[in-house]
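See structure below.
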Amino acid sequence: MAQFSDIKGFVFDLDGVITDTSIFHSQAWHQVADKVGVAWDDTLADALKGISRMDSLNLILARNHKENEFTPAEKTALATEKNDNYLTLVNQMTPDNILPGINDFLADLKANGYLLSLASASKNSPRVLDHLGLADYFTKSVDPASLKHGKPDPEIFRRGAEILNLDPAQCIGVEDAAAGVQSINGAGETSIGIGDPKVLAAADINFTDTTQLTLANIQQAMTSASLA
Numbered sequence: 001m002a003q004f005s006d007i008k009g010f011v012f013d014l015d016g017v018i019t020d021t022s023i024f025h026s027q028a029w030h031q032v033a034d035k036v037g038v039a040w041d042d043t044l045a046d047a048l049k050g051i052s053r054m055d056s057l058n059l060i061l062a063r064n065h066k067e068n069e070f071t072p073a074e075k076t077a078l079a080t081e082k083n084d085n086y087l088t089l090v091n092q093m094t095p096d097n098i099l100p101g102i103n104d105f106l107a108d109l110k111a112n113g114y115l116l117s118l119a120s121a122s123k124n125s126p127r128v129l130d131h132l133g134l135a136d137y138f139t140k141s142v143d144p145a146s147l148k149h150g151k152p153d154p155e156i157f158r159r160g161a162e163i164l165n166l167d168p169a170q171c172i173g174v175e176d177a178a179a180g181v182q183s184i185n186g187a188g189e190t191s192i193g194i195g196d197p198k199v200l201a202a203a204d205i206n207f208t209d210t211t212q213l214t215l216a217n218i219q220q221a222m223t224s225a226s227l228a
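See the structure below:
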């Protein structure tokens, strides 16, 4: 893990870190699962966190060995239907949907001169940020359409550092999914996992929720780790 004094930038996931759009994703995917006759449960919902749209659809279909029952065009139509369902929900979002503590944390990062970028697999992240009123914080955002590999591959977080003109070792990545933490670690950044520390055991730093996400807590965690 890097020294706290080496950190110059933060690379954020969106879903489950800045806002809880994962609820909307789950609702929209649940509708698709019902349509194709795949039973929905919490295990399947968790497996889709941080995964791209087509990869998510293929995971759903694979649950009942249906991945070969649909043509590429039919799969694209299902993914588009999911996205339409999701956008209907997203369009109702307001700044009240920002997770607790995130507004203060982003303001603190900006006040202290840290650079920020977004590393979300969601192609709808600009729309979400607009509805939340946070677009000005994330003028640098990885375009998921430009990526060759999805999480847990490190490409997206590596790119998140590149667009800030920073070395990955100068960045902290913030995630709520195991695949995302793996991506951060693979990119060579310090990883913060938000959520169940058992699920996110690979993270360098664990916080159970976003209210604990402060510069003071991060500095303390990194200092303690360096002294251990």
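Numbering of the sequence shown is given in the UniProt record's numbering, commencing with residue 1 and proceeding in unit increments.
All C-beta atoms, glycine included, are put in the ideal place defined by N, C-alpha and C.
Everything numeric in this text was worked out from a predicted model, so none of it was measured.
Asked	Found
C-alpha gap between Phe70 and Ala45, whole angstroms	21 Å
Closest residue to Asp55 among Pro100, Gln170, Lys75, Lys198 (Cα-Cα distance)	Lys75
Start-end ranges of the alpha helix (DSSP H) lying completely within the segment 175–205, minimum 4 residues	178–187
Proximity winner among Ala169, Ile194, Lys198, Pro197, relative to Ala2 (alpha-carbon distances)	Ala169
Supposed contact pair Thr208 and Gly195 - C-beta distance, whole angstroms, cut 8 Å	7 Å
Whole alpha helix (DSSP H) elements within the segment 80–150, 4-residue minimum	102–111, 125–132
Residue range of the alpha helix (DSSP H) that includes Val32	22–36
Alpha carbon of Asp15 to alpha carbon of Gly150, nearest angstrom	15 Å
For Phe4, three-class secondary structure by DSSP	helix
Residue from Ala187, Ser5, Thr223 with nearest C-alpha to Asn112	Ser5
Through-space distance from Thr223 to Val36, alpha-carbon basis	50 Å
DSSP beta-bridge partners of Ile172	Phe10, Thr190
Whole-Å CB distance - Val11 paired with Gly160, under 8 Å assumed	4 Å
7 Å Cβ cutoff met for Ala187 and Phe157	yes
Stretch-stretch touch, CB-based, cutoff 8 Å, three pairs: the segment 176–190 with the segment 91–110	no
Contact under 7 Å by Cβ, Lys140 with Ile163	yes
Three CB pairs or more closer than 8 Å across the segment 120–139 and the segment 18–37	yes
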